[in-house]
Structures are given as structure tokens and as C-alpha cells.
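Numbering (my numbering), first residue to last: 1 to 809.
From the three backbone atoms N, C-alpha and C, an ideal C-beta is built for every residue, glycine too.
Computed from a predicted model, the values in this text were never measured in an experiment.
In what follows, a structure is listed as C-alpha cells, so that the remarks can point back to it.
In C-alpha cells form, the structure reads like this:
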């Protein structure tokens, strides 16, 4: 673990394994050599951890998720192994720029947004708490897409993140599983066979997940799809080259791209294939391991738990039943007793379109045996409902896993609920809305199954690794124990009014803002002044997240500048970033509007340095590691009742940004922690949003608000789209529509007023710095270490399992 050994291994890998010499100019090969050097130091701990879990026969949890947004691995691994100083020293002596090596690592294209990043943070915390948890996901060849902007519009490019390989992964072909699709079922003497299937291989690749300086290295196992036969030799020899590899290509499509566009039937089929492929391969893998060490399934439920990360893996309920009955010979009752005691479901969204419904017709074609099992689960479940509410046919219809209609659908969230012993939301408001709204019938039937687990983020990546300056300042004040116990940051509160500490805090923030300004200049060609307020909204582009409301405020500021209303002005740099789903046209149009407004404002000489606007392309984990430390004002402005939790809000808070937001998701809990004096609150509550719908009159709101009227006049005049007339008509119509589900106009005035308050507060740098310090000091509640401890206490019931030490290290 010393610098000499690290230097020796690096040179050996670089020269002998990779075959490079001093003439190599690419930073990729030094990165790969260092990754292999660090991986060696993980592998011994990894093997010991795995062996310890097996030998102790401890209870384990398996975390199933279609996304794991891991970001870059190198810096995180170095931090958690506690070899930062040794690596720095080795590369100083080698005369190699370590920053350039770090920058050459691609972001792993295994996730899209908050859901996947949360899963990655969870794995980090599980390892840090030394809990025996394994992640299961898919090894996507291509990430969702790389986004670039042309003429203000989102353009999607393939994200081939695995083009140069992944030095962190280990292929485990000995654990390959065979996955069935299509075919038909045979019922013979009470047993069922799924036959004439089109099979695909699931090949596992393991990634190490190190805990923070504790010797534990857990596993993320990713499945790659492969054909059972590489190609048809007879067709190849006959000259049918394309047809000969058709089966291979069809198989590999399953893990080719993260989240295919499911607007078409082919896209829907591929999405369902991905979900079943993950569920079947993962459950087969767990049962394979179980059978290696146990003779029956009598205590399987006591030793295993499957945590379903959102609705995507919910087919696992039916798949575990299938494997226990059809492949392991258990009766229905025994299989159901095991399944219903091992499955736990986390819901991440209140949006109906994200709850997933698959047509019975598609299920029947693709997964005929699973559909039979789902029908049986539903029949038995509805029998229980009928006993509880005799004669209530409306309730039976509402709660049925099969939604009747012209095209019957399978409600996947309902399958997850019926098959799980625990159902949790991810913020206090979100969980309450699940219980009182979306899943109210189920809550009335099984109130004991519902619980809340407010999300968090890992302080290792989102503060210790990404904000080195602030980490060092905090260490000097409170020591470094906060990295694994974030509540210790509360000690910073005593320094909130200390002028000397405030000065140091501002200096760190200024340096981080300079770093962010460099990123904006590089990626957007817009100059941000680090002395100005950095006002930031980066997240998936969606109407409910209301990037549109943000840009309406920007237009309002522009109108003020043009009108000469700039007395006591606070210079502001507005940064917006995020990807729109490929088939989401309104979200793409909002991106176009943001870029069109930015183009006009940034070129207007009258505006000068008073206001700058930029849209950051290809928002990703690595960018967020620069953005969060450099942000002053964090925009969390979703329509109340629509954001489940949010995790970006926590990353910003942890790094000392002050939130402007609605009472939505985890904003509510952030407000509880920091107090109203350290948070800019605006907007309708979730109850007010719902009660307002019946008499919502946006045109009246606009007409009675001079500022809003002026903004809409500029937008409707084509001022920002002079050479593309009418392009933003759909956005204008949505703002003015009484059926606007996102209530953009309703919150405009409240938002403008809160923004004015934020601008005034920023002018008083002592006050703002105090607010920033308080936000960081009170972020302890939002560590995934706390979240995972609650999952374990209330759902998993795992015992911490420290692995043996290596030579006393």
C-alpha cells in the first residue's frame, strides 16, 4: 500500500501488460495501468469479503436495479482504500500528471439519473457499514446517450462507454445463466414445463464496491446478454452471412443500450426483455449459490432478501415463484411463503407513466409461464380482497394486478406490492402521498407493510472526493470522522458566525466556482464571473421539474435589465443542464427555449455582466462533481407532490448551496433541518395544487401580474426565435392552458419574489456564507449511511459482517 509498491506496479502494468513506453502520448494507458494497480489492492479484500460471507452463512440482501450510475471509479477507490497520499507521492516521483489520468476515465454508462445514482450511493454505504449486500444490474454496452447541442436542440449520440474496455470488471463466465423467452407451457401431472423457448445467456461481470477504509469490498454483478450459439455455421457457409449472425445480434440487443425508447412496440418488447433478463439471471444466481451450501429451502426466507429498486424489477415476484416451483419442485404455498417474505419494493415515483404497465398480449408472447403465475397470484389476491371488502366490485377492479379493458394490461407496481412484505417511499411526503393516493387501497389492506426511507447521498463521493478544498477545511475544524458519520458536521454550526472561518469558507467556494466557470467556458463557451451568484438547476428535463419556470424567471430578469431596473442588482450566472428522453418532445422543446433565451441574453451588450445563461450539454456524474461544489443557489422547483425525493438537492446542500424550492420531495426535510431563514421557500403545497385544479385560470394570473404579462409578451412576440417563427407556440399554450398539470403560472409570482429574496441575501456576503455553512452543517440526515441503516433496521435485518484483515492492514 506504500508509494514505492504502487509506483512499481504501475510501471509493470504500463510497460509489460499494456506494452507501452515513454513514447506513449495517450492518457488512456496510464489510466488503465493505475486502475489495474488500484484494483489489485481491492481484489484481496474483495475475495476475503466474499469468502467471509459464504463461510459465516450470514443473511444477505440482493439489490436489483436496472440502473447503477457509478460515475468514475478511480478516485473513489483511492479514497476508500486510504491511499491518496501514497498515490500522489508515487506520481510526483514518476513525473506524471495525476489529474490528466483521472480525467481520461469515462463515466460508466449504467444509469440515467437520480434512480441509478441513488443505487450507486446505496452500494457505497452498504460496504461502508459492512453489510452483506450485492447489487445486480445490466452491463449496458451503450449508456442512454451522449447529448450535444446543435442550433439549440438536443442531439443524441451513442455513448459507447465500453469501447476501450473496463479495467475494474472481472468476467465470471463460470456463473453464466440461461434465460428463457417465448415458447409455450406444458402441464403434466401437476408440474409445469416451459418449452420451445428462445434462450439467451446471461454472462456475469463483477465490479468491486469498496467500503470506506474498513477492508470490506462488496460486489456489483452486471449481466451481459449473449447468444447460446455464436452464429449458424451452415447459413454462413451457404453465403447467408447476415442471417447466420442474426440470433447472436438479437440476443446481444438486450444489454446493448440503457433504456431503449419504448414508444414503439419493438421498444416495449426490448424493455420488458431487459427487466426479465435482470430478474431471472439474478434470482437464478442466488438460488445457485444457495444450493451449493444448503440441502433445502426451509430457511431461505430467513437468510435472503431481494430489494426491488423501483418498479422495473417487479417481475422478480413471479420469477422467484417460477424458479421455486418449476425448477426446485416446491408447492405453490411453500413458494409463495418464501417469495412474500423475501421481496421488498421501493417506489420512486408518483407519475403514472413510470409505474409500468405491460400488455397481456406482450406478456403472453414473451413470458407465457410468467403470465400464468401472475394470473394465479392475482386470483388468490383478489380472493383475499373480496373477503376483506365483500361485494365491493369497484375495489376489486381497482386493485386487480390485471387491468381490464380493450387491451388488458399487467400492472407491475401492483405485482410488486402484492408480492412484497415491505413497500417504502423515499421521502416523508412521497410516502404519505403513496398511502393516501396512488396505493391507498393497498395501504388500507396492509398498513403494516408501508414505511418511509428518505433518500440520501454518499458523503465519500459528493463531498470528500469531489470537494477537496472544503474537505480539508472541515477536517481542520472537526477532524475527518464526518466522512463515515456525517452527523459530525453539526460541529460546524459553532463556526457559522466566525469571520475568519467564513473568509476561508468563501475562499474555498470561490476556487470551486472558478473550476465550474472553466467547465462552463469549455462546454458552453459562456463566460461566468465567479464573483456573481451561481444559480444552478441540473437534472433530467421534465415538465414536472419545471425548468420552464426557471427560464421564465430568466426572461423576467432580462426584461428588468432592458427596462433599466437594475438598482442594487445582484449579478447572476444561471446554469441549466440535463437530458430529455429521446421521445419526449416537450422536454426537448424546453431545451431549445433555454438555449434560445441564453443566446439572446449573452449577446446583448446592455446586459453585460449582470446576467449570463448557459445550458450544459451531456450532464453526467463527473460534471456534477464540479457543479455541486461551485453552486450558490440550488433550484429544486418541481410542482409540489410530483418529486418523490430528489438527491441533487442533497448534494448541493452538502456542499453549502442554499436551496430555493417548493414543499416537495425531500425539500420538506431539508427545510426542517436548516430552518426557513436558510431556505428560500415558494409555491403551492401539494394539497393546494390539487384543490386549485378545478378552477385554475392561468390567463387571469398572467393578466393581473405586470411582470408575468411582460415576460409572456416577449415570449409570444417571437423575440427569442425571430428566424424560427411559431416554434415555441406549444410552450406558450401549455403555460396558458387551464389544464396545465404542472401549474407553472400558479407559482410564477411566488417564485419571482423568492428569487428577489435570494438576490438580496447574496449581496450580504456574511449572511450568505452563514447560510451556506448551516446547510453543510445540517446535512447529516441526508447521508445514505443513515438511509441504509434504516433499511437494515426496518426491512433487511442484516448483521454487520467485517471481513478478516490482510496482514494486520
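CA-to-CA, the gap between residue 611 and residue 179 works out to about 56 Å. Check the Cα spacing between residue 258 and each of 381, 732 and 145: the tightest is with 145.
For residue 142 and residue 366, the gap between their C-alpha atoms comes out near 24 Å. A Cβ-Cβ distance of about 3 Å is found for the pair residue 419 and residue 317, placing them in contact under the 8 Å criterion. DSSP lists 185 as the beta-bridge partner residues of residue 194. Membership of residue 635 in any alpha helix (DSSP H) is not indicated; the residue belongs instead to the beta strand (DSSP E) covering 633–636.
One thing to note: residue 779 has its Cβ within 9 Å of the Cβ of residue 654.
Look at residue 526 here: in three-state DSSP terms it is coil, with no helix or strand label. Beta-bridge partners assigned by DSSP to residue 225: 202. Where residue 156 is concerned, the enclosing beta strand (DSSP E) starts and stops at 153–159. Within the DSSP bridge table, the entry for residue 17 names no partner. Rounded to the nearest angstrom, the gap between the Cα atoms of residue 509 and residue 471 is 12 Å. Residue 184 and residue 195 have their C-alpha atoms spaced approximately 6 Å apart.
Looking at 207, 132, 677 and 754, the one whose alpha-carbon comes closest to that of residue 77 is 207.
Distance between residue 712 and residue 551, taken at the CA atoms: about 12 Å. In terms of Cβ geometry, residue 513 and residue 528 form a close pair [threshold 9 Å]. Separation of the CB atoms of residue 398 and residue 441 is rounded to 6 Å, and the pair is thereby assigned contact status at 8 Å. Counting only the Cα atoms, residue 751 lies some 18 Å from residue 670. At a Cβ-Cβ threshold of 9 Å, residue 75 and residue 465 count as neighbours. Per the C-alpha coordinates, the member of 630, 600, 335 and 767 positioned closest to residue 720 is 600.
A residue is called buried when at least 16 other Cβ atoms come within 10 angstroms of its Cβ; residue 652 meets this threshold and is buried.
Listed in chain order, the non-local C-beta contacts of residue 155 below 6 Å within the same chain comprise 148, local neighbours out to five positions each way being set aside. Contact check between the segment 480–490 and the segment 752–767: fewer than three CB pairs, one atom from each, fall below 8 Å, which does not count as touching.
When 213, 746, 434 and 802 are compared, the shortest CA-CA separation from residue 642 is found for 434.
For residue 709, the uninterrupted alpha helix (DSSP H) segment begins and ends at 706–716. Looking at the DSSP output, residue 305 bridges to 61. Looking only at 547, 18, 217 and 15, the smallest Cα-Cα distance to residue 804 is reached by 217.
The C-beta of residue 439 has 16 or more other C-beta atoms within 10 Å across all chains shown, which makes the residue buried.
Within the same chain, Cβ atoms closer than 7 Å to the Cβ of residue 118 are found at 455 and 647, the five residues on either side in sequence being excluded. Looking at the backbone, the Cα of residue 534 and that of residue 292 are separated by about 56 Å. In this chain, the beta strand (DSSP E) harbouring residue 147 covers 143–150.
For the set 302, 2, 658 and 120, the Cα lying nearest the Cα of residue 788 is the one of 120. Inclusion of residue 425 and residue 347 in the CB contact set at 9 Å is warranted, their separation being smaller than that value. Per DSSP, residue 612 is one residue of the beta strand (DSSP E) stretching across 611–616. In this structure, DSSP gives residue 655 a state outside helix and strand, which the three-state scheme calls coil. Here residue 210 carries a strand assignment [DSSP, helix/strand/coil].
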